[in-house]
Every structure is written in structure tokens, then in C-alpha cells.
Amino acid sequence: MSAIFDLALLADFVLAATALLLGLWVILTADALRAAIGFLVYGLLMAIVWIRLDAPDIALTEAAIGGGLIGLLVLGASTRVPPAPATARARRRWPLHLLAALLSAAVALGLAAVVLSLPDPAPSLAATVAAELPATAVENPVTAVLMVFRAVDTLFETVVLVLALIAFWSLIPDASWRQRLAWLPLPHPSPALVLLAQILLPLVILVALHLFWIGASLPGGKFQAGALLAGVWALAMVAGVMQPPAVTQRLPRLLAVIGPLVFFAIGLAGIWLAGDFLAYPVGFEKPLILLIEVVLLVSVAVVLGLILAGLPAATVSLQPQLQRAASQPRPALPSDQRSEPFLEDRP
Amino acid sequence: MTDLANLFTLIVVSLGLLFFVAGVVGLLRFPDPLSRLHALTKADALGLGLVVIGLLPQVSWPFTALKLLAIWVLMVIGGSIAGQLIVATQFAADAEGNGGMGDSDDSGDHVAASDDLATDDAAAGDTAFAPAASAAPAASAAPATSAALAASEATAADADDNAAKAPTKSATDIEIGRLRLEDATR
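Encoded structure:
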């Protein structure tokens, strides 16, 4: 049997072809809702691709964030944006589309050229990380890189999350600042959905804690667990099992920033106690990393959940006019019954 | 002993995949959303169940095996409730008078009709609602159209078929649909 008929290779080929075709379809399809659903499936396919590339940490993140959370955001956006007006304008924009396609192809080909021209074996720090791993008190090399060797990257990634939330909230019109975030709750959630939320809420919390805890030695960790918690929080808000918070409440805000704050404080303390920013004192690595991971877990879950929870319903509604203007039939999702697209309602 | 276990795995997992194929064929061939959903959810639950049972002899007892079983139970819960939600949406769409997601083959409301991949539109749209596990087999198994499988599924789907054809054009009918759903959930 030659390697060409290798079953694993065949499966990889099918997977890659499916991902490419699905990506193409998502770009080419004209209906925003269908494209959003396709994108959701694309995220799950990418998770399988990462598994095949032996990167389970990334696969978990991709499944939770790329497939789940971003999929939900894109889905929500696609039901709020009015359908594109007829083809006359779209036809005039084909040079722009061509340019975008050419640039994307150039990036893809450039990346492929770089990857293919790497020397064999490719330069890698994996051996160095493996050699230094015992000093970090964690066993999963990915966690060691994230929390010890490149801790400063992780710190500012979490700061970026908080900044994203602030930028998102700055879209809220003044008039509805004090109201609850209102994108997710359905007016009349189906009893089946409520049941699902009630079943999944405790289970997913358990799974998330498990995923968080094994992150020290196996694939997993705070980002994946935080994304899971955010997802199940969103489900609970959709089904009305939990009330979405208001922007003005103190607790969600505090929880959103506590992770980066504690991380930063420990990093600063490292200057005095261990001689460098973000250095951990010898003997205290494990408890300090655990403390940082716990607060980061909380912050990641809260920030992602708050972003998913969307914006408050606008007080002044132009909904009837908008609906008449955009009365093109389309597949109805439960979310269609919700009102108030926020962008059009701003003064 | 391991040979026996391998044989068991091979047979039961293949049987499970057969159910997935049946579900995909039903998804592609059945005329209306309710019977498509019927084919898909049944095949999903049974197919995944057989795959999990087939894999049990290959994994370590107890934790990996229990995880596999937990995945199956969660998929059954998630899949069947997702089915309920899609049906509720379909009832609401029927009552509103637009075709909902079912009649996309002939309603012509999609601008995408001009692009090459649009023929797969209806199928791809519906597959996306299915649990992830069915999406991957769908890609490879789709061409294997089997008339026999479709026929056996079709008889089973008759009940749902009739339910779909009942006139649900008024507000009271949505209420009836909702009550029916509530009964089903209890």
C-alpha cells in the first residue's frame, strides 16, 4: 500500500476540501443568515482540522470561540442587518470584490510559500520549553508558555478583551444606558429550550471547571473553560433562566476587570519579590499561577458573556417602518421575533 | 478476546454509520421540513448511540467509557430539543403564511440562486441545525443515495408528514402547536 492510499491522508484530504468549499460557499452565498450558519459549521470543521494537526488546545478554543461564540454573534448580526438591496449596487462593487480576492490569495500563497520553504527540521523552541518545564510547576507545555514564558502576551490579551467590551458598550445610546442587555432573551422561550438550559447549566459548569482544572497537565485551561461558561450563560439568558445584567451594575463590571487587575498586580509584585516583571517567586509558582488562572477564568467568562448578551433594547423604535422596508421573506429564526435592531435606532 | 472486541466494534460502528447515511439521505430527499427533521434526529440519536456502544470495548473503563456515554446522552438531549425548536419555528412560519425554511427549493426568495453552489442551499442550511457529528459524515456520505433506505424511512415519517400538512394558518393553530410541544416535552 503506497502512502497515497493512506486512509488518514484520505480523511485529511476530504476534510481540507470540505473546509475550503464551505469557506467559499460562506463568502459567495448572498443570504446573510445562511452565510452565518455556514460560518458556524466552518468553525466546527476548523476545530477538527486543528485536532488533525495535533493541536488539541487550539481545537478546543476554536470549537468554543470560533464555532460557538463568534457563530452566535454573527448569527445575531445577520438577523439584525436588513437584507442587502437589489443587485445594481452589488454589481458595481465587483472590482472591490476582485481586489479583496486577489489580496487574500496573495496572503494565502505567501504563507504557503513561507511554510513550504522552512528548513527541515523547522526552527522550534519546543525543546527549550520542554527542558525548562519542571521550573514552571505546570505540566502542560501550552499552559507553561501562556502563563510563564510568554505571560506578558497573555496579560495583554486579557486587557484586549476588556477593551473590546468597552468599545462594544460605547455603542449603547445614552437613553438606554440603564436598561438590561436585551439581545438574548426570547419573549416567549419554548418550554423545550427552557428545559435544555436547565439541564445544561449545571452540567456545562461542571465540564468547564474540569476543563479548567486539567489545563495544568492536559489540553484545556481558562480560555476554553471561560468560553464554555459564557456560552451556557448566554443559553440561560436566551431561555430566560437567568436575567441579563445591566451595564450600570457594579458586579459584572468588577468581575470583568478582576482578572487583568490581579494578573497585573502579581506581575508588578514580581519586580520586588523575584527581580522581574511577571516573574514568580521561587516556590510560589503553582499557587500564583492558579490564582491568576482562577481570576482570568472569571473575567474571560464574564467579558465574553457580556459581549454575547449584546446591547440594551433601544427606547425609541423604528421597527415597524424597518420591517416594512425589509419585508423580504427569509427563514424565520426564534431571534427574528425579537425587536429593535440597535444600529438604526440611534439618534 | 481482542479480536472479538475488534469485530464487535467494526460491526456496531458500521451499523451506526448506516444510520447516519439513512439520516443524510432522508435529509436530502424528503419533501418537507418535518419529515426531514424526523429522519435526521432519529438517525442521529441511534447512529451515535451505536458508534458509542461500538467504541466502548476499545476504551479504558470506567472514565473514558463513561465520558463517551455522557457525550451520547448529551447529544440525544441536545438533538431532540433542537428538533423541537426547529418544529416550533416551522409552525410559527406556517402560521405567518410564509414558507419558513422548508420550501426553499421552489420559493425563489434567495438571491444565491445564481451561484454554483446554490443547488445545495436547502440541504446545507438544514444540516447546520443538526448536531456537529452529523455534519462531517454528511460531506462524505451524501452521494451514496440509497432508495431502499429512503423508502424505509419514508413509511416511518408518514405520521409527521400528516402533521405537517394539517392547516396551521391561524393564531389558534399556533397555540395548538405550542400545547402539543409542551406535552411532548413533559
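If you read the sequences in order, they're chains A and B. Positions 1 to 347 (UniProt numbering) are the ones given, in order, by the first sequence. Positions 1 to 186 (UniProt numbering) are the ones given, in order, by the second sequence. From the three backbone atoms N, C-alpha and C, an ideal C-beta is built for every residue, glycine too.
Beta-carbon proximity list for residue i, same chain, < 7 Å, skipping 5 on both sides
i       : result
I51(A)  : A59
T41(B)  : G79, S80, G83
V49(A)  : L15, A19
A197(A) : L235, A236, A239, V241
A230(A) : L69, A301, L304, G305, L308
R36(B)  : G26, L27, F30, D126
V41(A)  : L22
S25(A)  : Before going further, note that residue 25(A) is Trp rather than Ser in the sequence given. Same-chain partners within the cutoff: G38.
Chain A residues whose Cβ lies nearer than 7 Å to that of residue i
i              : result
residue 198(B) : As displayed, chain B neither begins before 1 nor continues past 186, which places residue 198(B) out of reach and without an answer.
Counted within 10 angstroms of its Cβ, other Cβ atoms place residue i as buried (16 or more) or exposed
i              : result
E153(B)        : Low per-residue confidence applies at E153(B): pLDDT is 41, beneath 50, and the placement is therefore not dependable, though the value from the model is reported in the following sentence. E153(B) should be labelled buried.
H188(A)        : exposed
D31(A)         : buried
S190(A)        : buried
V114(A)        : exposed
W233(A)        : buried
Q90(B)         : buried
I172(A)        : buried
L343(A)        : The predicted model places L343(A) with a pLDDT of 43, which falls under 50 and marks its position as unreliable, so this point remains unresolved.
P119(A)        : exposed
S124(A)        : exposed
G283(A)        : exposed
A147(B)        : Its pLDDT being 39, under 50, A147(B) is placed unreliably by the model, and the measurement read from it follows with that caveat. Exposed, since its Cβ has fewer than 16 Cβ neighbours within 10 Å.
T248(A)        : exposed
residue 349(A) : Nothing in the structure corresponds to residue 349(A), since chain A is present only between 1 and 347.
A135(A)        : exposed
M46(A)         : buried
S170(A)        : exposed
I271(A)        : exposed
P62(B)         : exposed
D174(A)        : exposed
Partner residues on chain A for residue i, Cβ-Cβ distance less than 9 Å
i      : result
L85(B) : S190, A192, L193, L196, P334
Residue i: contacting residues in chain B (beta-carbon distance under 8 Å)
i       : result
I199(A) : I77
DSSP-derived helix/strand/coil call for residue i
i       : result
T18(A)  : helix
A216(A) : coil
P187(A) : coil
L311(A) : coil
R93(A)  : coil
L181(A) : strand
A246(A) : strand
P57(B)  : helix
R36(B)  : helix
F30(B)  : coil
S104(A) : helix
V232(A) : helix
A239(A) : coil
A30(A)  : coil
D153(A) : helix
G83(B)  : helix
L278(A) : coil
A137(A) : coil
F284(A) : coil
D6(A)   : coil
V81(A)  : coil
I65(A)  : helix
Integer Cβ distance of residue i from residue j, believed to fall under 8 Å
i       : j       : result
P244(A) : R180(A) : 5 Å
G49(B)  : W72(B)  : 6 Å
V160(A) : A256(A) : With a Cβ gap of about 13 Å, V160(A) and A256(A) do not count as contacting.
L85(B)  : L103(A) : Not confirmed; about 40 Å, so no contact.
L278(A) : V152(A) : 6 Å
V52(B)  : L69(B)  : 6 Å
W183(A) : G310(A) : 3 Å
Chain-ordered neighbours of residue i on chain A, where CB pairs are closer than 8 Å
i      : result
I81(B) : A192, L193, L195, L196
Same chain, Cβ closer than 8 Å to residue i, five either side skipped, listed in chain order
i       : result
V129(A) : P141, A144, V145, F149
L291(A) : V262, I266
T9(B)   : G54, L55, P57, Q58
A65(B)  : L56, V59
Sequence-distant residues of the same chain with beta carbon closer than 6 Å to residue i, five excluded per side
i       : result
G47(B)  : G16, F19, F20
L268(A) : none
V74(A)  : A36, F39
G226(A) : L297, V300, A301
G221(A) : T143, G215
H210(A) : none
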